[in-house]
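Accompanying notes for the structure given below.
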Amino acid sequence: MRVRKIFLGKVVLAIVSLVFIVLLWKTDVTVELPGSNWEKLSVDRNRYGDGKNADGSFFFDAWKFLFEHGKCVSSLKYWTVTANFTMNDVLDKLKIAYNTWNPSVGNKAIVSENNQKLPDDVLEVIVIPHSHNDPGWKKTYQQYYEDQTRQILSLIVEKLHEYPDMTFIWVESCFLDTWWANQTADTQQKFRSLVKSGRLEITSGMWVAPDEASPHYFALLDQMIEGHYWVKKNLGVVPESSLNFDQFGYSTTMPYLVKKAGLKNVLIKRIHRAVKELFGSENKLNFHWRQLWDPDGKDDIFAHVDTYEWMSISDSCGPNREICNKLDFLNERDLPMADAPKAPAPPGARVNAGSRNMHAFTQMLVEQFRLKNANYKYKVMMLPHGGDFRYDTPFEWDKQYRNLKRFMKYVNDNTKLYNVKMRFGTLKDYFYEIERQNMKYDIKYPTVTGDFFTYTENTEYWTGYFTTRQFDKRLGREVLESLRAAEMFTSLAFTCDIPSDVRKEMIAGLVIARKNLGIFQHHDAITGTSQEHVAKDYEELLTIAFSKTQRVLSLALECLLKPTRKSFNNLSPMLRRTVHNALTLKVPIPVPHSETKLVLINSLTQNRLELVTLPVHSSNISIYNHLNNEIEIDIVSNKNGLYDISFIAEFPPLSMLTYTLKQGAKNRAQSVEGQLARDGRFSFDTAGDIKGSYFCENDILNVTFSKLTGSPVMLCYKKRNFCFNLQLDWRHYTSFGGAYSMISNGNNQQINSKHSSVKFVSGRLFCGVEITHDVFSYSISLTNTNSAIGRALRVNILSDLLSMPNFVGDLAMRVVSNINSNGTFFVDSNGFQMMGRKYRTNIPFDGNVYPMSSMSILEDSKRRLVVHSAQPHGVISSGPGVIDFMIDRIATRPEMDMPEPVKDNKPTLTSFYIELLSSDEFEHSATHETTLPTINSIYLNDLLQHPVYGFYAEGSLEGTATVQSFLKTQLSCDVILANVKNLAYSGNNVSDGTSLTLFRRAAGCHGNVQDLYCPVTSNIDVRPGSLLKFPGVKHVNIREMYISLLMEKESLTSHQSVDLYPMDIKTFQFTFE
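Residue numbers are given in the working numbering: position 367 of the sequence shown equals residue 1185, and the series is strictly consecutive.
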């Protein structure tokens, strides 16, 4: 009975809602509805006409106005830490006790007090030959390929056929792709047969072995799909384990993505030295890696931490590097072919010299094997045999194989003497043997939650690379977002009738951009830890990728504007990169006496309201929307002798808008303080009492700025009667580290504001301050709109550290607030989840710097500060209410065989949003492990990560009569299209269709769903086949896949729904008929 009443109530509500909406469209009214995209949403038919797409469908769905209130999508209350321990627990108890350690001697020998003695005491040693090939470090990607990698891959085919019991493993797909394209069909088949036989294992199989600190999960997922799709298409195998020998620390997001891709195991190596020693002593170097939101462990992945520091042969067999190095036979004399002694010879007995030497040699190495194996619970040991670009000559292959065989034969002939068996194998063989012993002896492992930052090399903390070469980090993020938009709109356009030459150009452009961006995720690329000429090569690859994606976008938009179009090349991108070492430029838009058409796109699957700024040559410009109604603008002259026009654009989800720019009938701009202001509404102030204040306000908040420094002083939210103390301070960290490390010991000083100038700028659409220092300038602005961007401060920083002589170290932006954060702060992991961090006095200052990809949070029970970033940084909170963001750095110390300092800095743009919340807006975290952003914070971060792109055409442009949204069903704001990929690699056909990845973020709530700028729903099901409008498609086939397309899960009908819980991520493959 109760169910029936609820059902009838919902029916009545639906009928009333529909009547309300019909009346709404009949009249121009303003309504105030909690949960609408804007708190006061004016349904203006002059702006949107009848609110329809070209096909007659509404781009504002009824449920935009009415969604389920009063329910939290997710809550920290239901996140229960069920792991045996967290990495925060470990770091709290950590004792740094290796100041006297000598790296030339080797690693600490760990003998576990808890080592589990198994009935079978024979130790099995699996020798795994490998070659670690960096896609750039001391040489460029192409130089490495030509000089070494090409030969290594060819020798794999030759030598594994010559030595039928030898094995090998390979990690990166990018080099495979380059090599494969230049091989004969016969060589390809031999390589493929080796892979399918199991003697050659593709581990990881991603495009690169990516850094795990700086990349956004969009980029991690994209390069994973790129690599796995290549492996599946060309080799027909599915990687089972992820091998991560060389990254400088490990995120908790990456193992989750790996598990969702269908892999079973993950191997990591370079973690904090003291953590590794502690784990080894307690037999915890194997564990089940668990996510914070997964109390049942359904997405646990088995993790193996390899002992010691380096991936070279010297660190492969045990703690003593000098002894282990004896297994590197490249530059050593061959081992003797001696008869094996059956037992140690008695004193004084005559023994063959070769046998005597082999016995001593073997005893020495077997002792190292046992010391290494003491870290683990089972009796199997992995002996990686290789290193950077090893096995690159026939001589090395022959000599290593010959001597390894002699040594293994000697050991195996004397198993009773040494209690050791040896054989060649792969990583798959190793994990198989671990699993076999787990089952046989019922071995149990702990569960661990958290990540492995920060990493120590010897006794130094590698936290400098979180910020090194900030220009490149910014550029990489720009390419990522441009590629994402290009893939998305191309997937829509490819269902149109596009001429074959245009289609071929678009596919080629996407493929180049994917590969170049994927290479940049490599752990010596985005990290900034390569040599200068290699960094230049990465910048050139990224510049090519950006230009290609903008070109592809322009072609896709022309098709979507008019699907029957036959002539192209009318639209030009507003953004342009002309050289590798300069900022991306906005192209001044020409406005002839006729007109210029402007096309803007929104790649988000949510509505958005955005402040758009265009450079033009004349101040006498008017802008008209698609209904030919003139819109409100601000116009001001800039430093380049041009004029910047600003206006507010309102976008439906996944859409494009068209505008028309025209020369005005008269110049309506007037001069103010040497600048220009439209209709006298724009004002500037650089004089007056420096002890006074500047004020900005919109409908949401008031902001007070200091005239002396330009810093905000106080922000007050009007509706909530809530004020917040806030200050921006600028610090110079005196660091003596190199590309990898930050050796500052916390030494920093305030950058003197005496040499700065402050200018106040105020118009109708935004206001703020502009501040100029010696080595950087920045602006802080507030948009005058009642929207998500209207409740946060936008901070844009232009830094140029080389302009200041003798600047060494890090430039930091310090945000000072009145939050009692009590030593805890939260930093995102790859933009995917928030990680609890602490400032710990038991760890050196520089070890408390953590990687930030897109968001950081300080909070107490009354207030929260959220800082959103458009690019990665190092971040530290060393005191209550204080958090420092490393903006850029000059690193002078050569490190890691790098003979040069990092001094190739370039003018770099950094962008932030600073958002403040009162206690009734967010869910305060009761744990130090994590916190959840609000849905408004998630939405604001999306706006920053996914910029609006603009394109223009001089004169007329066909097909610009309507606003177009390509979303069939509006998505809840916590759901995002995390990846779209057109599955084609050659020719002009998308042979395997399109893949689409959905991710549902977890949002914190406090029972308050008022004032949301982006709607949410508690429904957990989505219908993949009903999301997007594919023009010209009659039927679509849909399959749910593992997230990187390696394997199929199930086939779906076009209207079938799937569950998508918070923090769940799923990929679907579409093929069209």
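We put the CB at the ideal spot given by N, CA and C, even for glycine.
In this text, all values refer to a predicted model and were calculated from it rather than measured experimentally.
When you compare each of Gln969, Leu1734, Pro1833, Asn1759 to Tyr1209 by their alpha carbons, which one comes out closest?
-> Stepping through the sequence shown from its first residue, residue 1209 is reached at position 391. If we check each option's Cα against that of Tyr1209, Gln969 comes out closest.
At least three beta-carbon pairs within less than 8 Å, the region 1222–1238 to the region 999–1006 | With a cut-off of 8 Å on Cβ pairs, the region 1222–1238 is not in contact with the region 999–1006, counting fewer than three such pairs.
Using the rule of at least 16 other Cβ atoms within 10 Å of the residue's Cβ for burial, across every protein chain shown, is Phe1097 buried or exposed?
-> Sequence index remark: in the sequence shown, residue 1097 carries index 279 (1-based). When all chains shown are included, Phe1097 counts as buried.
Taking Cβ to Cβ, would you say Leu1892 is nearer than 9 Å to Lys1094?
-> Here the chain has residues from 819 to 1891 only, and residue 1892 is not among them.
Does the beta-carbon distance from Ala1363 to Arg1287 come in below 9 Å?
-> Here residue 1363 refers to the residue found at position 545 when the sequence shown is read from its first residue. Here residue 1287 refers to the residue found at position 469 when the sequence shown is read from its first residue. No, the Cβ-Cβ distance between Ala1363 and Arg1287 is not below 9 Å.
Check whether the Cβ atoms of Ile1020 and Val989 sit closer than 9 Å, and answer yes or no.
-> Your numbering for residue 1020 matches position 202 in the sequence shown. Your numbering for residue 989 matches position 171 in the sequence shown. A contact, by the Cβ cut-off of 9 Å.
Same chain, Cβ closer than 6 Å to Leu1860, neighbours up to 5 away in sequence not counted = In the sequence shown, residue 1860 corresponds to position 1042, counting from 1. With the sequence shown as reference, residue 1860 is identified as Tyr, and Leu is not the correct amino acid for it. The answer, listed in chain order, is Ala1079, Gly1080.
Under the rule that 16 or more other beta-carbon atoms within 10 Å means buried, what is Phe1513, buried or exposed?
-> If you number the sequence shown from 1, residue 1513 lands on position 695. Only exposed fits Phe1513, as fewer than 16 other CB atoms lie within 10 angstroms of its CB.
Rounded to a whole number of angstroms, what is the C-alpha to C-alpha distance between Arg820 and Asn1604?
-> By 1-based counting over the sequence shown, the position of residue 820 is 2. By 1-based counting over the sequence shown, the position of residue 1604 is 786. Residue placement at Arg820 cannot be trusted, given a pLDDT of 41 that sits under 50; the coordinates are not used to answer.
Report yes if the CB atom of Pro1842 is closer than 9 Å to the CB atom of Glu1858, and no otherwise.
-> Working through the sequence shown from its first residue, we reach residue 1842 at position 1024. Working through the sequence shown from its first residue, we reach residue 1858 at position 1040. For Pro1842 and Glu1858, yes; Cβs fall inside 9 Å.
Where Val975 and Arg1151 are concerned, what is the direct C-alpha to C-alpha distance, given to the nearest angstrom?
-> The residue given as residue 975 occupies position 157 in the sequence shown. The residue given as residue 1151 occupies position 333 in the sequence shown. Looking at the two C-alpha atoms, the distance is approximately 26 Å.
Rank Asp1664, Leu1727, Glu1747, Val1834 by C-alpha distance to the C-alpha of Val899 and give the top, closest one.
-> Along the sequence shown, read from residue 1 onward, the residue named residue 899 stands at position 81. Ranking Asp1664, Leu1727, Glu1747, Val1834 by Cα distance to Val899 puts Glu1747 first.
Applying the criterion that 16 or more other CB atoms from any shown protein chain within 10 Å of the CB defines a buried residue, is Phe1643 buried or exposed?
-> Here residue 1643 refers to the residue found at position 825 of the sequence shown. Buried is the label assigned to Phe1643, since at least 16 other Cβ atoms lie within 10 Å of its Cβ.
Opening and closing residue of the alpha helix (DSSP H) in which Ala1092 lies = The residue labelled residue 1092 in the question sits at position 274 within the sequence shown. Per DSSP, Ala1092 belongs to the alpha helix (DSSP H) from 1091–1099.
How about Asp995 and Lys1333: are their beta carbons less than 9 Å apart?
-> Taking the first residue of the sequence shown as position 1, residue 995 is located at position 177. Taking the first residue of the sequence shown as position 1, residue 1333 is located at position 515. A contact, by the Cβ cut-off of 9 Å.
Could you tell me which residues DSSP puts in a beta bridge with Leu1201?
-> Taking the first residue of the sequence shown as position 1, residue 1201 is located at position 383. Beta-bridge pairing links Leu1201 to Val945.
Run through DSSP, which three-state label would Glu1733 get?
-> Taking the first residue of the sequence shown as position 1, residue 1733 is located at position 915. Strand.
Give the range of the alpha helix (DSSP H) segment to which Gln1568 is assigned.
-> By one-based count along the sequence shown, residue 1568 stands at place 750. Premise fails: Gln1568 lies in the beta strand (DSSP E), 1566–1568, not in any alpha helix (DSSP H).
Where DSSP assigns a beta bridge to Arg1295, which residues make up the other side?
-> What you label residue 1295 is simply residue 477 of the sequence shown in a count that begins at 1. DSSP, once it has assigned bridges, lists no residue as partnering Arg1295.
Out of Leu1359, Leu1301, Ser1872, which has the shortest C-alpha to C-alpha gap to Thr1367?
-> The residue given as residue 1367 occupies position 549 in the sequence shown. The candidate whose alpha carbon is nearest that of Thr1367 is Leu1301.
Starting from the C-beta of Lys1116, find all residues in its chain whose C-beta is less than 6 Å away, skip the five residues before and the five after it, and write them out in chain order.
-> In the sequence shown, counting from the first residue as 1, residue 1116 sits at position 298. Exclusion of the five residues before and after Lys1116 leaves no residue of its chain whose Cβ lies closer than 6 Å to its Cβ.
Does the beta-carbon of Asp1452 have 16 or more other beta-carbons within 10 angstroms, so that it is buried, or is it exposed?
-> Within the sequence shown, numbered from 1, the residue matching residue 1452 stands at position 634. So Asp1452 ends up on the buried side.
Report back the beta-carbon spacing between Phe1769 and Pro1391 to the nearest angstrom; my notes put them in contact at under 8 Å.
-> Against the sequence shown, residue 1769 aligns to sequence position 951. Against the sequence shown, residue 1391 aligns to sequence position 573. Indeed they touch by this definition, with Cβ atoms about 6 Å apart.
Straight-line Cα distance separating Tyr1461 from Val1490 | Locating residue 1490 in the sequence shown gives position 672, counting from the first residue. Locating residue 1461 in the sequence shown gives position 643, counting from the first residue. Unreliable placement is indicated for Val1490, whose pLDDT of 32 sits below 50; the coordinate value is still reported in the next sentence. Each residue's CA atom was taken as its position, placing Val1490 and Tyr1461 some 14 Å apart.
Drop a sphere of 10 angstroms on the beta-carbon of Ala1304, count the other beta-carbons inside from all chains shown, and report buried for 16 or more, exposed for fewer.
-> Walking along the sequence shown from the start, residue 1304 turns up at place 486. Answer is buried; the Cβ neighbour count reaches 16.
What three-state label does DSSP hand Glu990 in the structure shown?
-> Walking along the sequence shown from the start, residue 990 turns up at place 172. Glu990: coil per DSSP, three-state reduction.
Look at the alpha carbon of Met1072 and the alpha carbon of Glu1030, and state the distance between them as a whole number of angstroms.
-> For the purposes of this step, residue 1072 is taken as residue 254 along the sequence shown, with counting starting at 1. For the purposes of this step, residue 1030 is taken as residue 212 along the sequence shown, with counting starting at 1. Rounded to the nearest angstrom, the gap between the Cα atoms of Met1072 and Glu1030 is 7 Å.
Using only alpha-carbon positions, find the residue among Trp955, Asp1315, Leu941, Asn1438 that is nearest to Gln1339.
-> Looking up residue 1339 in the sequence shown gives position 521. Closest by alpha carbon: Trp955.
Mind listing, in chain order, the continuous beta strand (DSSP E) runs of no fewer than 3 residues lying wholly within the region 1382–1438?
-> Unbroken beta strand (DSSP E) runs of no fewer than 3 residues, entirely contained in the region 1382–1438, are found at 1414–1420, 1426–1434, following chain order.
Any idea which residues DSSP pairs Glu1448 with across the strands?
-> In the sequence shown, residue 1448 corresponds to position 630, counting from 1. Note: Glu1448 sits in a beta bridge opposite Tyr1442.
Taking buried to mean at least 16 other C-beta atoms within 10 Å of its own C-beta, is Phe885 buried or exposed?
-> Locating residue 885 in the sequence shown gives position 67, where the first residue counts as 1. Annotation note: pLDDT 34 at Phe885 (below 50); position unreliable, no value reported.
What separation, rounded to the nearest whole angstrom, lies between the Cα atoms of Ala1355 and Thr958?
-> Position 537 of the sequence shown, counting from 1, holds the residue named residue 1355. Position 140 of the sequence shown, counting from 1, holds the residue named residue 958. Correcting the residue type first, residue 1355 is Asp in the shown sequence and not Ala. Near 7 Å, if we compare the C-alpha coordinates of Thr958 and Asp1355.
Just grab the DSSP bridge partners of Gly1586 for me.
-> By one-based count along the sequence shown, residue 1586 stands at place 768. Answer is Val1579, Ser1599.
Assigned secondary structure, Leu884 (DSSP; H/G/I helix, E/B strand, else coil) | The residue you call residue 884 lines up with position 66 of the sequence shown. Per-residue confidence for Leu884 stands at a pLDDT of 31, beneath the threshold of 50, marking its modelled position as unreliable; the derived number appears in the next sentence. Residue state, collapsed to three classes: coil.
Beta-carbon gap between Val1198 and Ile944 smaller than 9 Å | For the purposes of this step, residue 1198 is taken as residue 380 along the sequence shown, with counting starting at 1. For the purposes of this step, residue 944 is taken as residue 126 along the sequence shown, with counting starting at 1. For Val1198 and Ile944, yes; Cβs fall inside 9 Å.
Within 9 Å, strictly: CB atoms of Ser1455 and Ser1437 = Counting from one through the sequence shown, the residue named residue 1455 turns up at place 637. Counting from one through the sequence shown, the residue named residue 1437 turns up at place 619. Yes, the pair counts as a contact, with Cβ atoms nearer than the cut-off.
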